[in-house]
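Trainee: Encoded as structure tokens, here's the structure I'll be asking about.
Protein chains: 2
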Amino acid sequence: MATERLVVVGGDAAGMSAASQARRLKGARELEIVVFERGHFTSYSACGIPYWIGGQVAGRDELIARTPQEHRARGIDLRLRTEVVELDLAGGRVRARDLESGSESWTGYDKLVLATGARPVRPRLPGIGAHGVHGVQSLDDGQRLRDDLERTRGRRAVVVGAGYIGVEMAEALVRRGFEVTVLHRGEQPMSTLDPDMGALVHTAMNGMGIRTVARAEVTEILTDTEGRARAVVTAAGAEHPADMVVLGIGVEPRTALARAAGLPLGSSGGLLTDLSMRVRGQEDVWSGGDCVEVLDLVAGRTRHIPLGTHANKHGQVIGSNVGGGYATFPGVVGTAVSKVCDLEIARTGLRERDARAAGLRFVTATIESTGTADYYPGATGMTVKMLAERRTGRLLGVQIVGGAGAAKRVDVAAVALTAGMTVDQVVSLDLGYAPPFSPVWDPVLVAARKTVTAVRAAGM
Amino acid sequence: MATERLVVVGGDAAGMSAASQARRLKGARELEIVVFERGHFTSYSACGIPYWIGGQVAGRDELIARTPQEHRARGIDLRLRTEVVELDLAGGRVRARDLESGSESWTGYDKLVLATGARPVRPRLPGIGAHGVHGVQSLDDGQRLRDDLERTRGRRAVVVGAGYIGVEMAEALVRRGFEVTVLHRGEQPMSTLDPDMGALVHTAMNGMGIRTVARAEVTEILTDTEGRARAVVTAAGAEHPADMVVLGIGVEPRTALARAAGLPLGSSGGLLTDLSMRVRGQEDVWSGGDCVEVLDLVAGRTRHIPLGTHANKHGQVIGSNVGGGYATFPGVVGTAVSKVCDLEIARTGLRERDARAAGLRFVTATIESTGTADYYPGATGMTVKMLAERRTGRLLGVQIVGGAGAAKRVDVAAVALTAGMTVDQVVSLDLGYAPPFSPVWDPVLVAARKTVTAVRAAGM
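Protein chains in written order, with this note's numbering: chain A, 1 to 460; chain B, 1001 to 1460.
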């Protein structure tokens, strides 16, 4: 039996999960596994970077689930600081460059996994490359930011963007003693929520001493004589002094290689795959993680949702399939949770604008409740907004903002969405109740009750 | 239009929810509502009593969701300290006794709701009626226990029973500075869990300084010369000194009236209803709360599951139906959560013995994980056990024991059970992930992955 070669491009969550799972299923005599990774690290939690910056996580190594040595010990030929610069699909080979020596060589494959991840959006603005301007996408980024934190004397930070990374970095910088200003383009922070729910985040952030500036389009970063950022300028002409600037504007799929090779990309630029995570139209090429689009089961279309948890699942599915097993990734419902200091933020399914874009007619209901029985000590409030389809009452989405216990409650809605439940069915769900954990009607059920009423009131 | 009269027997969660919901739908000209309640209180959280005893909840009134005055102000004719002593179904009337004066009278009804609740099991043992022996079922019970706490000098408490009430009362008494011994009949505390999971509770309780005694059958409570409990004796001959004894042995449906009237009862003695919560075979009699059996959707049979959350839902459904609306209670999956000090305990669906009793063949898997990313500060462990049907892989049950975030994770399984998902489907669920809230693979998903493997290994 000839040994097959699996080549994996990208050694973080999706790539290394795929390699590891393939290795579990097939030994080195059956399958040679080569992984090319351009950075210095593998299998790390990029989502943990804000907590490392904030100081809750002591060291970089804590974010590394498995070291290169551990992967190599399991029979994976891992080549760090080696960047794949060309895919030759017809020839079944990839061209890789050693980033230290600059030398290049071709490596043939029988099966190929593209796990090239995403790259932070960096608008081409004057000063964007200045010292003191940081992305937080990779562990290398995080290390640079940590190093800079040690050196920086000033205590004014500007965070550009108020999505997950933006608000998490705002918290991290507050913990580091910075005065933090968050500039964001929309009406409210957290544009992954509807604006009425984003407004709650806005109020809470201001209450924490985090300044937020809405409708702020950054046009330039001013630098001092040493080339270090000193202020962020917006289209409105405002100048926000900054001893440190953090970019949390979002990411886009890193698919230049795939595009050059003619592989199918969606509207976000993410690779399109089938349910087994095989690139559409390809026999031997798989892809997963932040470089692909995933099927949104509620909207009925593919979207780019870069999240570590999906990347890990993709890797597991790809590894099973290239290792001779069988697994699929059926899609997502758009669940995401985050927090900024004590405020928990969660969403799943469709926002109002998503529902409209999907061609759905819907009703909404919003309720206030508490995470525990209201008489239980430390009970904190939460707001739950629910969307349901008109006429059918099918659950379409849930957003939650509030104190302890708010965020993970969204999981109930995520499962109900996956199952295609109506809000009537949600009202009857048998959720855990005891005073330290929930009011007698769980907040999600209270929201469902009110949504049921809204569905009926809306009629046909 | 003639005014109809709704008579409700029992003024706690189910009864008052039914009355309130009926009143929302129908005004006083259409519907007269009379509620008979034998106790001093209405609409209180019996589940909150342990936290009132423990001191986390300052006063009794905090446990009362709505006072008699509030109910009366909404047009509900509430008669406290009035016990219904006979149902005349053929005559459409109930006989009630004023517990203060002893006088009795008949009241006619057009529609009748039986919400008589449950009563604590009190084995007929010598000394069971002694001073210092307490149940914690009603607010009156709780008041007596609180009063006794003030008087009692000794600091040794014996709790009989290690179910939800038993472990919650153990925590409450520890908080009150008692040395607590819990006597329980089974091999492990929390017999609502499988013994392997109960063993984790046992170990944790011992670690908290709570003594537990397994296989302990109480035979007698010894009293002192003043008639106060001084020790609890077990069948093994052990004598456990006690300055206070709390009975948490469980409850049984309070259905003597219903039985006398010939209404249909299940094997637990609970009333049997249809899906609209109408008593089976009756046109105008509804019942809900702790006095009914509910349909267990996983086991495919009715069971007695006294829980405030179900009682509130039953009341809502009954009130909608007697008020001219339409609602149903489709059943439960057996979800319950609790805690003893910092240990969270949760279950849903079937235990091994339940699955066997239901005629199901199954596999199990147990995993260890953490409530947050393992590198996040304060990460605490949890153990998740999962049961799935052989061959089909259908999820049958989940049990979780662990630190912060353990208990409410069971809700994910509760929804998946309701939807009839397989463990393969559970693996693919899109649950909220961020380091402060979950590892990249949520513990429930990790358990599902291992269970998938177990299902495949078990073959057909």
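All residues carry an ideal CB built from backbone N, CA and C; glycine is no exception.
Assign Tyr1051 of chain B to buried or exposed, taking buried as 16 or more other Cβ atoms, counted over all protein chains shown, within 10 Å of its Cβ.
Mentor: Buried, by the Cβ-count rule.
Trainee: Using alpha carbons as the reference points, say which of B:His1184, B:Met1197, B:Asp1224 and B:Ala1258 lies closest to Ala1235 of chain B.
Mentor: Comparing Cα positions, the closest option is B:His1184.
Trainee: Would you mind giving the Cβ-Cβ distance between Asn1321 of chain B and Trp1286 of chain B, rounded to the nearest angstrom? I have them listed as a contact below 8 Å.
Mentor: Correct: roughly 7 Å between the Cβ atoms.
Trainee: Using 9 Å as the limit for Cβ to Cβ distance, is Ala204 of chain A near chain B?
Mentor: No, Ala204 of chain A does not count as interfacial toward chain B.
Trainee: Quick one: is His1071 of chain B near chain A, going by C-beta distance under 9 Å?
Mentor: So, not an interface residue.
Trainee: Are the C-beta of Thr392 of chain A and some C-beta of chain B separated by less than 9 Å?
Mentor: Output row for Thr392 of chain A: interface = no.
Trainee: Would you check if there are 3 or more beta carbon pairs closer than 8 Å linking the region 26-40 of chain A to the region 70-84 of chain A?
Mentor: With a cut-off of 8 Å, the region 70-84 of chain A and the region 26-40 of chain A count as touching, because enough Cβ pairs lie within range.
Trainee: Mapping the DSSP letters down to three states, classify Gly319 of chain A as helix, strand or coil.
Mentor: The answer is helix: DSSP assigns Gly319 of chain A an H, G or I state.
Trainee: When you compare the CB of Trp1441 of chain B with every CB in chain A, is at least one pair closer than 9 Å?
Mentor: Chain A, which has a Cβ nearer than 9 Å to the Cβ of Trp1441 of chain B, makes this yes.
Trainee: What does Glu62 of chain A touch in chain B if you count any residue whose Cβ is under 7 Å from its own?
Mentor: Correct list: Tyr1375.
Trainee: Quick one: Cα of Phe41 of chain A to Cα of Leu139 of chain A, how far?
Mentor: Roughly 7 Å between the two C-alpha positions.
Trainee: Would you mind reading off the limits of the alpha helix (DSSP H) that contains Glu352 of chain A?
Mentor: Unbroken alpha helix (DSSP H) run through Glu352 of chain A: Glu352 to Ala357.
Trainee: At 7 Å on the CB atoms, spell out the chain A contacts of Asn1321 of chain B, in chain order.
Mentor: By Cβ distance, chain A contributes nothing, its closest Cβ being about 14 Å from Asn1321 of chain B, past 7 Å.
Trainee: Tell whether a beta-carbon distance below 9 Å holds between Val1233 of chain B and Glu1239 of chain B.
Mentor: Yes, Cβ-Cβ distance for Val1233 of chain B and Glu1239 of chain B is below 9 Å.
Trainee: Would you verify that the beta carbon of Pro1189 of chain B is, or is not, closer than 9 Å to some beta carbon of chain A?
Mentor: It does not; no Cβ of chain A falls within 9 Å.
Trainee: If we call anything under 9 Å between Cβ atoms a contact, is Glu292 of chain A one with Thr418 of chain A?
Mentor: Reading the sequence as shown, one finds Val at residue 292 of chain A and not Glu. Taking 9 Å as the Cβ cut-off, Val292 of chain A and Thr418 of chain A do not qualify as a contacting pair.
Trainee: Is Ser1045 of chain B buried or exposed, if buried means 16 or more other CB atoms sit within 10 Å of its CB?
Mentor: The residue in question, Ser1045 of chain B, is buried, as its Cβ has 16 or more Cβ neighbours within 10 Å.
Trainee: Buried or exposed: which applies to Glu226 of chain A, given that a residue is buried once 16 or more other Cβ atoms fall within 10 Å of its Cβ?
Mentor: Exposed, because fewer than 16 other Cβ atoms sit within 10 Å of the Cβ of Glu226 of chain A.
Trainee: Using beta carbons (cut-off 9 Å, strictly below), is Phe41 of chain A in contact with chain B?
Mentor: Not closer than 9 Å to any Cβ of chain B, the Cβ of Phe41 of chain A fails to qualify, so no.
Trainee: If we cut at 9 Å on Cβ distances, does Phe1036 of chain B have a partner in chain A?
Mentor: No, its Cβ sits nowhere closer than 9 Å to a Cβ of chain A.
Trainee: Taking just the CA atoms, how far does Arg1122 of chain B sit from Gly1248 of chain B?
Mentor: Rounded to whole angstroms, Gly1248 of chain B to Arg1122 of chain B spans 9 Å at the Cα level.
Trainee: Let me check understanding here. Comparing Cα to Cα, which of A:Val251, A:Val34 and A:Val398 lies closest to Thr451 of chain A?
Mentor: The candidate whose alpha carbon is nearest that of Thr451 of chain A is A:Val398.
Trainee: Report the rounded CA-to-CA distance for Arg1337 of chain B versus Lys408 of chain A, giving the unit in angstroms.
Mentor: The sequence as given places Val at residue 1337 of chain B; Arg does not occur at that position. So the two alpha carbons sit approximately 16 Å from each other.
Trainee: So, under 8 Å CB-CB, Met190 of chain A and Ile345 of chain A are touching, yes? Tell me the CB distance rounded to an integer number of Å.
Mentor: At roughly 6 Å, the Cβ-Cβ gap stays under 8 Å, so Met190 of chain A and Ile345 of chain A are in contact.
Trainee: From the DSSP output, which residues share a beta bridge with Val218 of chain A?
Mentor: Note: Val218 of chain A sits in a beta bridge opposite A:Thr234.
Trainee: Give the C-beta separation of Ala1414 of chain B and Met1386 of chain B to the nearest angstrom, bearing in mind that I take them to be a contact with Cβ-Cβ under 8 Å.
Mentor: Going by Cβ atoms, the distance from Ala1414 of chain B to Met1386 of chain B rounds to 13 Å, so no, they are not a contact pair.
Trainee: Within 9 Å (strictly less), CB to CB, does Glu252 of chain A reach chain B?
Mentor: So, not an interface residue.
Trainee: Return no unless some Cβ of chain A is closer than 9 Å to the Cβ of Phe1362 of chain B.
Mentor: It does not: the Cβ of Phe1362 of chain B has no partner Cβ on chain A nearer than 9 Å.
Trainee: Could you check whether the Cβ of Asp290 of chain A sits closer than 9 Å to any Cβ belonging to chain B?
Mentor: False, the Cβ-Cβ gap to chain B never drops below 9 Å.
Trainee: Buried or exposed for Gln69 of chain A, going by 16 or more other Cβ atoms inside 10 Å?
Mentor: Under this definition Gln69 of chain A is an exposed residue.
Trainee: Return no unless some Cβ of chain A is closer than 9 Å to the Cβ of Ser1338 of chain B.
Mentor: Closer than 9 Å: yes.
Trainee: Spell out a yes or no on whether the region 1420-1438 of chain B and the region 436-456 of chain A are touching, meaning 3 or more CB-CB pairs, one atom from each, closer than 8 Å.
Mentor: Segments in contact, no.
Trainee: Name the one or two DSSP bridge partners that Leu1078 of chain B has.
Mentor: Partner(s): B:Val1035.
Trainee: Going by the CB atoms, is the gap between Gly266 of chain A and Leu275 of chain A shorter than 9 Å?
Mentor: For Leu275 of chain A and Gly266 of chain A, no; Cβs fall outside 9 Å.
Trainee: If you reduce the DSSP assignment to three classes, tell me which class Pro1306 of chain B lands in.
Mentor: Residue state, collapsed to three classes: coil.
Trainee: Tell me the rounded alpha-carbon separation between Ala19 of chain A and Arg97 of chain A.
Mentor: Roughly 21 Å separates the two Cα atoms.
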